[in-house]
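Per the numbering used here, numbering of the sequence shown is gapless, rising by one per residue and ending at 100.
Where is the CB? At the ideal position from N, CA and C, for every residue including glycine.
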Amino acid sequence: MADTPKEKADEPKIDIPAADVEKAAKLILKPGYVTKHDLPKMADLSWATALNKAVTAHFLNDDDDHDPYVYFEQFDFAGGDIDSILFNMDIVKTREEALKTLGEQIGQKLVTPPEKMDLI
-19 MADTPKEKAD EPKIDIPAAD VEKAAKLILK PGYVTKHDLP KMADLSWATA LNKAVTAHFL
41 NDDDDHDPYV YFEQFDFAGG DIDSILFNMD IVKTREEALK TLGEQIGQKL VTPPEKMDLI
């Protein structure tokens, strides 16, 4: 029998401080991204996900002057680390560019596939 998913009510509500939302919103506009380098709490996936929702709500409800295409993504790095980035797709145009930017900002090495794979 399959497990039933937890109800959202069971998930703890994470409140993002207004100062963190404002900082992230400014960074989304320039340079176009936010990482744990900017807001160390982004190392926690639940917090980073809540920040994404708060920043998106900020641009939808509180900022009539800007309408960035905000995107949240997690990437795997060499060594098995997984980190998050919140980015403005009007500035950081692709997921690949976001991956490279995140790696540079937090000092992680990208996973590089082998040049040639022999299939036996």
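For residue i, I'd like the list of residues in its chain whose CB is within less than 6 angstroms of its CB, leaving aside the five on either flank, ordered along the chain.
| i | result |
| --- | --- |
| His38 | Val1, Ala5 |
| Gly60 | none |
Where does residue i sit, in a helix, a strand or coil, going by DSSP?
| i | result |
| --- | --- |
| Glu77 | helix |
| Lys10 | coil |
| Val91 | coil |
| Asp0 | helix |
Spatial neighbours of residue i within its chain, please: C-beta separation below 8 angstroms, excluding the five flanking residues on both sides.
| i | result |
| --- | --- |
| Leu7 | Tyr13, Val14, Asp18 |
| Asp56 | Ile62, Val91 |
Might you give, ordered along the chain, the residues of its own chain that have their beta carbon closer than 7 angstroms to the beta carbon of residue i, omitting 5 neighbours on each side?
| i | result |
| --- | --- |
| Trp27 | Ile(-6), Lys21 |
Say whether chain D places a C-beta atom closer than 7 angstroms to the C-beta of residue i.
| i | result |
| --- | --- |
| Ile71 | The structure shown contains no chain D, having only a single protein chain. |
Taking only the alpha-carbon atoms, compute the straight-line gap between residue i and residue j and give it to the nearest angstrom.
| i | j | result |
| --- | --- | --- |
| Lys3 | Lys33 | 14 angstroms |
| Ala(-1) | Lys73 | 27 angstroms |
| Met(-19) | Ile71 | Any reading at Met(-19) is ruled out, since the residue's pLDDT is 46, under 50, leaving its predicted position unreliable. |
| Asp45 | Lys10 | 14 angstroms |
| Thr92 | Pro(-3) | 37 angstroms |
| Met69 | Pro(-8) | 29 angstroms |
| Asp47 | Arg75 | 19 angstroms |
| Thr81 | Pro94 | 22 angstroms |
Runs of 3 residues minimum, wholly inside the segment 14 to 88: which ones carry the beta strand (DSSP E) assignment?
Counting only runs of 3 or more, we get 50 to 56, 62 to 68.
| task | Please determine if the segment 58 to 76 and the segment 21 to 32 are in contact, where contact requires at least 3 C-beta pairs separated by less than 8 angstroms. | result | Contact holds: three or more Cβ-Cβ distances are below 8 angstroms.
Open item on the list: For the segment 27 to 36 against the segment 81 to 89, do three or more pairs of beta-carbon atoms, one drawn from each stretch, fall closer than 8 angstroms, so that the two count as touching?
Closed with: Verdict: no, contact absent.
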